[in-house]
Amino acid sequence: MSARDKLRSFFEANVGRVVTTKRLRKIGGISEYARRIRELRDHEGMQIRSHIDRHDLKPGEYVLESLDRIPRIGQGISPQLRNEILERNGYTCQLCGAGSKDPDPFNPNRTVRLHIDHILPLSQGGTDDKDNLRVLCSACNQGRSNIQTPTESARNILARIRKAPRAVQKEVFEALKQAFEINK
Ligand SMILES: [Zn+2]
């Protein structure tokens with residue numbers, strides 16, 4: 016168990032209770048604890064407060080206010096990085112192949128939204144590294160997509176088509192439609 020894991024478990028076991036640096040030092044290691052608390056707060060969205068945030072706390076006291084995590088999409092990933100990942104993945108969900116104009120399978124009146132997903136979650140030590148990021152649609156992001164998953168090559172082709180101008184996309188569509196009509 017890393018210092019971060021130990022501190023996370025300790026905070027979660029003491030939610031709502033004031034904990035002191037003395038105990039945190041013991042758990043996380045003398046030099047480690049402050050940095051790890053920052054990571055839990057800034058990278059994992061844990062609601063850990065100190066005297067800086069709350070006047071009823073003394074220096075050296077911390078409280079995990081709730082087990083809820085504050086989602087940090089859009090905080091940790093810069094708009095530039097977000098665009099880079101969207102562009103790289105061709106604005107295409109890397110699980111089901113949906114694009115932002117496709118209907119939400121669970122809410123046909125809406126279109127899916129595209130999210131930047133951490134392949135290895137931040138809570139498990141994942142980072143904002145480009146290799147750890149991918150595009151997912153809102154349905155897959157919530158783990159509720161039941162769309163048949165296209166093969167990797169189909170997804171890659173879809174991604175390339177979505178990057179192409181609208182007119183080219185239409186041309187591809189017409190060509191495929193024609194081919195399938197003829198072979199029907
Ligand atoms: Zn999807």
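Heads up: the sequence shown is residues 16 to 199, going by the working numbering. Every residue gets a Cβ at the ideal spot worked out from N, C-alpha and C, and that includes glycine.
Between which two residues does the beta strand (DSSP E) carrying residue i extend?
i, result
"Ser125", "Checking the sequence shown, residue 125 turns out to be Arg, not Ser. Element bounds for Arg125: 122 to 126."
Run the proximity test for residue i: is its beta-carbon closer than 8 angstroms to any non-hydrogen atom belonging to ligand 1?
i, result
"Asp112", "Asp is not the amino acid found at residue 112; the sequence shown has Gly there. Yes - ligand 1 has a heavy atom lying nearer than 8 angstroms to the Cβ of Gly112."
"Val33", "no"
"Leu137", "no"
"Leu22", "no"
"Leu151", "yes"
"Val183", "no"
"Ala154", "yes"
"Val78", "no"
"Val127", "yes"
Across which residues does DSSP place residue i in a beta bridge pair?
i, result
"Asp132", "Arg149"
"Tyr77", "Val34"
"Ile63", "Leu79"
"Pro118", "Thr126"
Tell me the residue span of the alpha helix (DSSP H) that contains residue i.
i, result
"Asn104", "Unbroken run through Asn104: none, as it is neither H nor E."
"Leu173", "167 to 178"
"Glu47", "Taken as a continuous stretch (DSSP letters only), Glu47 belongs to no alpha helix (DSSP H), as it is neither H nor E."
"Asp71", "Unbroken run through Asp71: none, as it is neither H nor E."
"Ile92", "No alpha helix (DSSP H) contains Ile92, which DSSP labels as neither H nor E."
"Ser24", "18 to 28"
"Arg181", "181 to 197"
Check whether the region 93 to 105 and the region 116 to 124 are in contact - that is, three or more C-beta pairs closer than 8 angstroms. Here the region 93 to 105 makes no contact with the region 116 to 124; the two share fewer than three CB pairs at distances below 8 angstroms.
Does the contact criterion of 3 or more C-beta pairs under 8 angstroms hold for the region 148 to 156 versus the region 128 to 135? In this structure the region 148 to 156 lies against the region 128 to 135, because at least three pairs of beta carbons, one per stretch, are closer than 8 angstroms.
The region 184 to 195 in contact with the region 139 to 151 per 3-pair CB rule at 8 angstroms: In this structure the region 184 to 195 does not lie against the region 139 to 151, because fewer than three pairs of beta carbons, one per stretch, are closer than 8 angstroms.
Should the region 58 to 67 be regarded as contacting the region 103 to 121, the criterion being three or more beta carbon pairs within less than 8 angstroms? Two segments are said to touch when three or more pairs of C-beta atoms, one from each, lie closer than 8 angstroms; by this definition the region 58 to 67 does not touch the region 103 to 121.
Is it the case that the region 31 to 43 contacts the region 76 to 84, given that we only count it when at least three CB pairs across the two stretches are under 8 angstroms? The way I'd put it, the region 76 to 84 does touch the region 31 to 43; three or more beta-carbon pairs between them come closer than 8 angstroms.
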